[in-house]
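4 protein chains.
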Amino acid sequence: MKPFSGVFTPIITPFRGDGAIDEAGMRRNVARWMTMPLTGLVVLEADRVIDIVRSEVPRDRPLIAGTGRESTTATIAATRRAAAAGVDAVLVRTPSFFKSQMTAEVFVRHYTEVADASPVPVLLYNVTMFTGVTLPADAVATLASHPNIVGMKESGSDIGLISEYIARTPDDFTVLAGSAATLFHALCADCDGAVLALAALVPREIVGMQALLEEGRLDDARTLQRRLMPLARSVGALYGVPGLKAALELMGFAAGPPRPPLRPVSPQTIDLLRAQLDALGVLEKV
Amino acid sequence: MKPFSGVFTPIITPFRGDGAIDEAGMRRNVARWMTMPLTGLVVLEADRVIDIVRSEVPRDRPLIAGTGRESTTATIAATRRAAAAGVDAVLVRTPSFFKSQMTAEVFVRHYTEVADASPVPVLLYNVTMFTGVTLPADAVATLASHPNIVGMKESGSDIGLISEYIARTPDDFTVLAGSAATLFHALCADCDGAVLALAALVPREIVGMQALLEEGRLDDARTLQRRLMPLARSVGALYGVPGLKAALELMGFAAGPPRPPLRPVSPQTIDLLRAQLDALGVLEKV
Amino acid sequence: MKPFSGVFTPIITPFRGDGAIDEAGMRRNVARWMTMPLTGLVVLEADRVIDIVRSEVPRDRPLIAGTGRESTTATIAATRRAAAAGVDAVLVRTPSFFKSQMTAEVFVRHYTEVADASPVPVLLYNVTMFTGVTLPADAVATLASHPNIVGMKESGSDIGLISEYIARTPDDFTVLAGSAATLFHALCADCDGAVLALAALVPREIVGMQALLEEGRLDDARTLQRRLMPLARSVGALYGVPGLKAALELMGFAAGPPRPPLRPVSPQTIDLLRAQLDALGVLEKV
Amino acid sequence: MKPFSGVFTPIITPFRGDGAIDEAGMRRNVARWMTMPLTGLVVLEADRVIDIVRSEVPRDRPLIAGTGRESTTATIAATRRAAAAGVDAVLVRTPSFFKSQMTAEVFVRHYTEVADASPVPVLLYNVTMFTGVTLPADAVATLASHPNIVGMKESGSDIGLISEYIARTPDDFTVLAGSAATLFHALCADCDGAVLALAALVPREIVGMQALLEEGRLDDARTLQRRLMPLARSVGALYGVPGLKAALELMGFAAGPPRPPLRPVSPQTIDLLRAQLDALGVLEKV
């Protein structure tokens with residue numbers, strides 16, 4: 062079994078009306094996710110959130126923290142703090158601000174220094190949609206030989222790039238998909254799992270798709286993907302974090318409002334999300 | 062069996078040193094492809110070429126002609142001429158010159174008029190890489206209900222778009238892949254076959270990948286895709302038509318030089334292509 | 062005075078209801094443009110149209126024909142036919158179909174062979190918006206030293222690229238702007254004139270802007286550009302050729318309908334165009 | 062005189078070898094810039110840096126702080142801290158992380174809330190190159206009517222967009238250019254000044270270009286732009302912050318190394334920068 066393969070969900074931070082973190086709600090959310098067939102969780106937030114989440118995630122369930130920053134020094138500091146707080150691995154997004162300077166060489170040096178300094182295993186994280194830069198396959202191939210770099214997450218839907226990452230890394234290097242809308246395709250391409258916001262809502266379905274493909278049941282897996290598409294779009298590009306938060310609330314999770322300038326989705330969108338969740342049979346009956 | 066499903070190759074036109082079409086060479090090429098497990102051929106060239114090819118392709122093997130032009134009138138005229146020359150279907154690329162005017166409505170009207178006038182079935186053809194426009198899935202969904210529009214070719218590697226075309230068209234609407242570098246993924250997405258220049262070189266392998274996936278042998282199909290990748294890249298984005306022509310010559314086909322301003326590949330590239338063909342075991346032994 | 066500097070308009074081909082070219086209308090259009098302060102005309106159409114237009118354009122007014130094709134051979138043939146029909150120069154758009162093969166080297170070879178063979182001076186033509194390729198400034202710098210390549214048209218609005226073309230070519234190399242929406246900026250950047258569809262409607266204003274800038278009246282020229290913007294957008298990206306044809310008809314030119322799949326603009330758009338022309342004071346009073 | 066028109070430079074933070082801020086060096090830098098014809102300075106760094114800089118910038122020279130964050134709440138907090146530290150205005154980059162949610166409406170709400178809460182005037186800041194989002198001209202037109210939003214910085218080189226920002230805002234709304242490579246064009250378009258890293262090196266030349274254009278000396282201003290281009294490219298896209306830091310060191314400023322993962326430029330690049338500075342006559346003689 063590859064390290065950190067499986068299905069993870071990045072967890073949102075619930076806020077109360079006054080803007081403070083809803084700690085009790087977050088604990089309840091995490092406890093509930095721990096009853097589900099998720100492999101583990103990813104926290105992207107600040108140190109305090111990591112502490113809360115770690116205290117709710119059993120030691121045998123992997124907890125990963127996002128610790129990427131623009132500077133190498135700040136990334137290493139965040140990584141050490143997360144490791145001290147007990148996370149099992151860190152997920153380090155590419156630096157990206159000075160795009161024209163982000164060469165393969167710069168990425169290799171950055172990740173090598175972070176991995177050298179990190180007390181826990183490092184997962185690379187490419188998310189071109191948000192950063193505007195792409196981790197070259199050459200750099201990934203080089204970095205995959207570092208003993209403390211054990212895998213990566215690729216958030217995009219470029220199936221050629223995903224395939225190249227997989228083809229150019231060793232068998233024990235984990236590649237996780239990050240796009241729910243192309244999950245089926247990424248798993249066909251041999252991804253070892255996924256980190257998906259959608260998995261916070263329908264973990265059984267995501268884990269189930271991986272199982273179907275392992276059995277060679279291509280048609281059934283493809284059909285499942287099509288069933289998931291409306292919700293995947295809603296909590297993805299269409300309504301983003303506000304859509305995800307609204308769907309979580311409908312499922313009984315604590316989510317609260319999105320942080321401004323994002324604002325809550327409309328009542329019509331909530332109705333749509335309810336219908337989409339209901340069509341997947343995941344809304345609890347009253 | 063869906064109409065025009067299967068594996069097709071678009072055929073290049075061989076030129077002699079003086080720039081004239083090498084008719085004898087073209088006849089030999091076609092005759093040889095007819096001994097291979099290709100479903101049929103696609104000709105993109107002018108009327109004379111269609112005549113030559115048709116005379117070499119048995120009536121029970123489908124011959125498709127590319128007849129898309131910028132104007133609807135010119136497209137219909139080319140379509141009628143191709144039908145009169147005996148082609149079994151036409152493949153009609155999107156008009157694209159006035160990009161900002163190419164709305165879903167314009168595409169629907171264009172293809173509807175062409176399909177109304179065409180004596181043979183019509184296949185839509187989206188090739189964003191060359192045209193800079195994309196046939197919206199909405200337009201494809203509408204056009205798929207026209208009785209004379211039986212399918213489409215999508216040349217790109219955007220697996221999300223390919224999946225949407227398939228999801229939004231009836232079961233008997235054929236979707237053919239056009240990108241060799243993402244063939245495996247397109248077939249996983251449920252494409253009904255492919256139109257690939259690569260199939261002129263390695264038809265057994267392309268047909269074989271489709272067969273592996275029908276048997277649910279995902280790993281074997283993926284491995285085959287990886288074996289094909291170097292050659293797929295060489296005759297695709299890397300060396301283009303000059304690369305394809307050189308590879309065909311190495312295989313004993315008549316190809317001749319590319320048309321200027323394209324120029325023949327270098328001797329080093331020919332060596333690379335030879336090694337790639339040899340690695341696939343398709344070079345004939347002397 | 063640089064060769065082919067000044068203000069040109071590419072002329073549309075008027076069609077009758079039955080799809081045939083309205084030759085009489087075209088002659089009247091050309092004769093009327095010849096009464097205006099336009100430097101000359103550009104014809105992009107087939108051989109017959111060049112003949113008609115040449116017969117109406119006095120020998121001392123430059124007539125330029127667009128003769129670019131995908132292949133070098135076809136471009137040379139079209140160029141020779143246009144020269145034989147009496148055009149004063151040819152405007153040769155970049156080949157573009159096989160985008161990944163369109164290197165600076167390929168462009169230099171293509172244009173050099175065309176210029177070597179052309180009986181009349183050659184103008185390069187970069188139109189990235191339609192072709193998806195860009196003529197590199199390096200290639201332009203090299204080609205500008207060819208004795209039969211006297212200038213270029215750049216259709217885009219990338220002011221950095223326009224400036225680089227100008228900075229890297231000799232003083233007697235003509236650079237013409239092709240984007241009405243950024244005409245003021247292109248003239249500030251030192252373009253030697255323009256080839257604009259808008260100039261078919263408001264030639265005095267286009268010529269006038271060039272004059273204002275030559276006098277250093279930056280504010281007045283900028284104000285004029287703002288006045289022209291609504292119409293520039295309407296006959297540009299917004300309504301394209303259909304918008305241009307409608308505006309020409311409103312001005313009393315023969316234009317006819319656009320070729321399908323393009324269709325005529327709506328009555329509301331015609332009203333808008335009339336108001337925009339009227340605001341510029343160019344609609345004749347009844 | 063419009064508020065905050067003129068020539069500003071964003072100042073880099075000098076680091077010592079051990080990674081700490083070189084406070085003494087920063088004070089010397091600021092004091093030296095204050096002897097130059099710069100209008101004022103922009104600080105993008107954390108609170109401590111603002112304190113240092115403010116203490117060196119006379120009250121009658123404007124100091125602007127960059128305080129944009131992803132969340133509205135964090136932006137307001139940073140803005141209040143900067144105002145408390147004595148800055149004269151804040152420059153607030155667009156939030157950008159959740160790109161598909163960044164609608165005109167979201168931008169308007171974000172900036173309105175920030176401007177309502179800010180004790181000092183607010184300048185909008187669009188920097189598509191780094192953020193991947195673009196502030197729509199519609200949103201700018203709306204925001205320009207807020208009494209506490211006095212202008213904006215546009216960092217790009219899209220001259221059409223810059224012109225639209227200017228055309229759609231009141232006469233007393235300041236638009237500052239942010240691209241040195243297209244400064245001449247932006248000033249022709251009627252920008253009221255610029256915020257340029259290049260101005261830290263050659264302030265007299267930047268201020269001089271603005272003066273030339275105010276006198277209608279278009280040719281001289283264009284010639285000056287061409288002279289500045291090599292250095293503008295070097296400290297811009299080509300070598301970025303490492304290039305800028307090296308150039309500052311050559312000029313005798315304290316700059317120190319860039320923060321990893323960026324690394325210092327090569328000795329060859331230092332030689333190139335020296336030659337470019339020398340060509341502009343701004344290197345002090347020994």
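Protein sequences appear in the order of chains B, A, Z and L.
The first sequence begins at 62 in my numbering and counts up one residue at a time.
The second sequence begins at 62 in my numbering and counts up one residue at a time.
The third sequence begins at 62 in my numbering and counts up one residue at a time.
The fourth sequence begins at 62 in my numbering and counts up one residue at a time.
Glycine included, each C-beta is placed from N, C-alpha and C at the ideal position.
Values in this document were obtained by computation on a predicted structure and should not be read as measured data.
Can you list, in chain order, the residues of its chain with a C-beta nearer than 8 Å to that of A:Pro325? Leave out the 5 residues immediately preceding and following it. Pro303, Lys306, Ala307, Pro318 and Pro319
Is the Cβ of Z:His171 closer than 8 Å to any Cβ of chain A?
yes
- What does DSSP give as the partner residues of A:Tyr186 in its beta bridges? A:Arg154 and A:Lys214
key: Three-state class that DSSP yields for L:Thr230 in the structure shown   = coil
Discussion item. If you reduce the DSSP assignment to three classes, tell me which class B:Leu102 lands in.
Written reply: strand
- Query: Per DSSP, A:Phe245 forms a beta bridge with which residues?
  - Reply: According to DSSP, A:Phe245 bridges with nothing at all.
- Message: So, for B:Ile247: in the same chain, excluding its five sequence neighbours on each side, which residues have a beta-carbon less than 6 Å away from its beta-carbon?
- Response: As written in the sequence, residue 247 of chain B is Ala, which differs from the Ile given in the question. If we look at B:Ala247 and ignore the five residues flanking it on each side, its Cβ neighbours are Ile223 and Ala238.
Q) What separation, rounded to the nearest whole angstrom, lies between the Cα atoms of L:Thr189 and B:Val211? A) 34 Å
Under a three-way DSSP split, which group does L:Leu124 fall into? strand
- Span of the alpha helix (DSSP H), counted from its first residue to its last, around L:Leu204: Ala198 to Leu204
Does the Cβ of A:Gln329 have 16 or more other Cβ atoms within 10 Å, making it buried, or fewer, making it exposed?
exposed
Notebook entry, point to check: Can you name the residues of chain B whose CB is closer than 8 Å to the CB of L:Val167?
Noted result: Pro322, Leu323 and Arg324
### Message
I'd like to check one pair, B:Leu341 with B:Val263: are the Cβ atoms closer than 8 Å?
### Response
yes
Report task. Please list the partners that L:Ile134 has in chain B, where partner means a Cβ-to-Cβ separation under 9 Å. Result -> Residue 134 of chain L is actually Thr in this sequence, not Ile. Those within 9 Å of L:Thr134 in chain B are Gly80, Arg320 and Pro321.
Which of the residues in the region 238–251 of chain A, read from start to end, lie with their CB under 7 Å from any CB of chain B? Ala242, Thr243, His246, Cys249, Ala250 and Asp251
Checklist entry - Exposed or buried, what is Z:Glu266 when buried is set at 16 or more other beta-carbons lying within 10 Å of its beta-carbon? => result buried
Check whether the region 163–174 of chain Z touches the region 197–211 of chain Z, taking contact to mean three or more Cβ pairs, one atom from each stretch, closer than 8 Å.
yes
What is the rounded straight-line gap between the Cα of A:Leu124 and the Cα of B:Asp253?
42 Å
Counting beta carbon pairs with one atom in the region 139–148 of chain Z and one in the region 110–124 of chain Z, are three or more of them shorter than 8 Å? yes
Practice task
Counting only runs of 3+ residues fully inside the region 291–347 of chain A, write out the beta strand (DSSP E) ranges in chain order.
Solution key: none
task: Compile a chain-ordered list of the residues in the region 206–237 of chain Z whose CB is closer than 7 Å to at least one CB of chain L.
output: Ser218, Ile220, Gly221 and Ala228
Identified DSSP bridge partners for B:Ala238: B:Glu215 and B:Ala255
(Q) What does the alpha-carbon distance come out to for the pair B:Gly313 and B:Ala85? (A) 14 Å
Sorted by chain position, which residues of the same chain lie with C-beta nearer than 6 Å to Z:Asp281's C-beta, five sequence neighbours on each side aside?
Leu273
Original post:
Would a check of beta-carbon distances place A:Val302 closer than 8 Å to chain Z?
Top reply: yes
Can you find a CB in chain A that lies within less than 8 Å of the CB of Z:Glu174? yes
Practice task
Assign Z:Ala139 to one of two classes, buried (16 or more other C-beta atoms within 10 Å of its C-beta) or exposed (fewer than that).
Solution key: buried
* In the DSSP assignment, find the beta strand (DSSP E) that holds Z:Phe69 and state where it starts and stops. => Gly67 to Ile72
Open item on the list: Looking at the strands, I want to know which residues DSSP matches up with A:Phe76.
Closed with: A:Ile82
Q. Taking Cβ to Cβ, would you say L:Arg287 is nearer than 8 Å to Z:Ala198?
A. no
### Message
Can you tell me whether A:Ser240 is buried or exposed? The criterion is at least 16 other CB atoms within 10 Å of its CB, across all chains shown.
### Response
buried
_For L:Pro264, report the span of its alpha helix (DSSP H) as first-last._
Pro264 to Glu275
Do Z:Leu244 and Z:Met213 have their beta-carbon atoms positioned less than 8 Å apart in this structure? no
Per DSSP, what kind of secondary structure is Z:Met95 in: helix, strand or coil?
coil
Quick check: the region 70–81 of chain L against the region 98–105 of chain L, are there 3 or more CB pairs under 8 Å? yes
request  = Answer yes or no: do L:Ile220 and Z:Ser216 have a C-beta to C-beta separation smaller than 8 Å?
outcome  = no
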